[in-house]
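Participant: Numbering (my numbering), first residue to last: 63 to 414.
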Amino acid sequence: MMKRALFTAAAMLLMIFTSVLWAQRPNVYILATGGTIAGSGASSVGTNYTAGQVEIASLLDAVPQIKEVANVVGRQLVRIGSQDMDDATWLLLARRINELTSSDSVDAIVVTHGTDTMEETAFFLSLTVGTKKPVVLVGAMRPSTALSADGPLNLYNAVVVAASPQSVGRGVLVAMNGGVYSAATVTKMHTTNVEAFGAPDAGAVGYVLNGEVHYILPLEHPDDSLHFSVAGLEALPRVAVAYGHAGVSPDIIEAVIGSGYKGIVYAGVGNGNIHKDILPVLEEARRRGIIVVRSSRVPSGPTSLDNEVDDARYGFVASQLLPPQKARVLLMLALTRTDDWQQIQRYFNEYR
Ligand code: SIN
């Protein structure tokens with residue numbers, strides 16, 4: 063009798079202890095979009111696989127340690143390879159995150175994502191999600207079926223970053239291979255290595271080690287003017303990226319003019335330099351009201367204003383430290399607000 067009473071009391075204490083722990087852990091909501099982290103292949107040693115095959119519930123089951131860090135809920139938003147990411151999915155994702163983070167029952171968001179366009183999605187979210195709560199993107203370079211798959215530890219680390227009070231107010235982050243990066247500066251630097259991400263101009267903002275996040279860089283205070291509302295937006299203005307190279311032909315830009323594009327990002331050479339045959343076509347684009355942003359195909363350093371190219375004379379915008387793929391994101395969002403190139407230049411100047 064006595065034994066049974068003791069046993070019941072111990073069980074109750076355990077239940078109370080567990081529920082106190084549960085209540086103390088942050089609530090992290092995981093939105094899954096696919097990518098290699100959810101990839102599946104026939105061989106555990108080959109590079110031939112299909113992205114976005116595995117459901118988030120199975121990915122979470124593979125990392126039970128996550129439950130010790132946070133209370134997690136995982137939901138599948140879409141299941142795509144991130145090479146197929148599009149504006150409609152970005153708008154859906156931004157709205158969903160805004161909705162979730164406005165609830166007191168959600169402390170942070172993790173987005174599982176393919177690595178190919180992760181930096182663009184992260185940057186888009188950094189401009190459209192209005193919360194101080196952590197939003198962390200994570201992916202993997204090896205599919206879930208690979209020998210030494212990197213997804214499980216990356217996912218665990220992303221939850222660690224999201225669950226940390228130190229991550230509050232740091233904007234949208236990317237957690238890959240132990241590094242923590244800011245959305246504005248992160249880029250994919252290697253096509254296949256697990257150490258695929260870096261931030262050539264700024265470096266990582268922090269790292270995760272032994273289940274703890276450590277920040278190297280102090281907290282930034284992003285300018286509130288660079289928040290673009292996506293409420294009620296059905297689509298984004300079309301912006302094309304054209305790539306500069308030796309012997310580039312003007313017909314690639316001519317095809318863009320008159321095709322409904324509101325903006326062109328020219329990924330120029332060097333400091334965003336433009337071939338002599340391209341310049342008149344870009345001037346024509348400006349005459350037709352298309353915003354032209356000069357960026358660079360060079361992986362680091364700014365495309366600086368009014369240096370080798372006289373931007374003021376042509377009405378061109380210089381992308382500063384944003385590479386072409388992120389310049390496109392900012393230009394699309396800027397165009398939802400204004401078509402004044404000088405105002406758009408001021409938005410880009412935030413990234414110097
Ligand atoms: C993708 O971006 O969805 C495929 C590649 C990857 O996730 O690493």
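Using N, Cα and C, we set each Cβ at its ideal position, and we do this for glycine too.
#1: If you measure from the CB of S362, is any heavy atom of ligand 1 nearer than 7 Å?
#2: What three-state label does DSSP hand Y91 in the structure shown?
#3: Ligand 1 and S144: does any heavy atom of the ligand fall closer than 7 Å to the residue's C-beta?
#4: Relative to the C-alpha of L199, which residue among S229, A211, A208 is closest?
#5: Taking 7 Å as the cut-off, is the beta-carbon of Y263 closer than that to any non-hydrogen atom of ligand 1?
#6: Since T177 and M147 should fall inside the 8 Å C-beta cutoff, what is the C-beta to C-beta distance between them, to a whole number of angstroms?
#7: Assuming F378 and V354 form a contact by the criterion Cβ under 8 Å, report the distance between their Cβ atoms to the nearest whole angstrom.
#8: Rounded to a whole number of angstroms, what is the C-alpha to C-alpha distance between A302 and R87?
#9: Helix, strand or coil for Q405 per DSSP?
#10: Of all the options V234, A389, G96, I336, which has the alpha carbon lying nearest to the alpha carbon of M203?
#11: Since A225 and V242 should fall inside the 8 Å C-beta cutoff, what is the C-beta to C-beta distance between them, to a whole number of angstroms?
#12: Assign Q407 to one of two classes, buried (16 or more other C-beta atoms within 10 Å of its C-beta) or exposed (fewer than that).
#13: Can you look up F186 in the DSSP assignment and give me helix, strand or coil?
#14: Identify which residue in A208, R349, V248 has its Cα closest to the Cα of A261.
#15: Compare the Cα-Cα distances from W403 to each of T365, G330, S358, G325 and report the closest residue.
#16: Quick one: what does DSSP say Q115 is sitting in, helix, strand or coil?
#17: Do M394 and P299 have their C-beta atoms within less than 8 Å of each other?
#18: Does the separation of the CB atoms of V318 and A329 fall below 8 Å?
#19: Determine, using beta carbons only, whether H252 and L189 come nearer to each other than 8 Å.
#20: Once you ignore the five residues that flank G107 on each side, which residues in its own chain have a CB closer than 6 Å to its CB?
Facilitator: The short version:
#1: It does not: the Cβ of S362 is nowhere closer than 7 Å to a heavy atom of ligand 1.
#2: Y91 falls in the strand class under three-state DSSP.
#3: Yes; taking the cut-off as 7 Å, the Cβ of S144 has a heavy atom of ligand 1 nearer than that.
#4: Looking only at S229, A211, A208, the smallest Cα-Cα distance to L199 is reached by S229.
#5: Checking the displayed sequence, the identity of residue 263 turns out to be Asp instead of Tyr. Between ligand 1 and D263, a heavy atom-to-CB distance of less than 7 Å is absent.
#6: Between T177 and M147 a beta carbon distance of about 11 Å is seen, past the 8 Å cut, so the two are scored as non-contacting.
#7: Indeed, because the Cβ distance is near 5 Å, the residues count as touching under 8 Å.
#8: About 44 Å.
#9: In this structure, DSSP gives Q405 a helical state, which the three-state scheme calls helix.
#10: Nearest of V234, A389, G96, I336 to M203, Cα basis: G96.
#11: For a cut-off of 8 Å, the C-beta gap from A225 to V242 is around 13 Å, too long to register as a contact.
#12: It counts as buried.
#13: Of the three classes helix, strand and coil, the one that applies to F186 here is helix, per DSSP.
#14: Looking at A208, R349, V248, the one whose alpha-carbon comes closest to that of A261 is V248.
#15: Sorting T365, G330, S358, G325 by C-alpha distance to the C-alpha of W403 places G325 at the top.
#16: Three-state result, Q115: coil.
#17: Contact: yes.
#18: With a cutoff of 8 Å on beta-carbon distance, V318 and A329 are scored as not near each other.
#19: Between H252 and L189, the C-beta gap is not smaller than 8 Å, which leaves the two residues out of contact.
#20: Checking the sequence, you will find Val at residue 107 rather than Gly. A distance below 6 Å between beta-carbons, with the five flanking residues on each side excluded, links V107 to the following residues of its chain, in chain order: L209.
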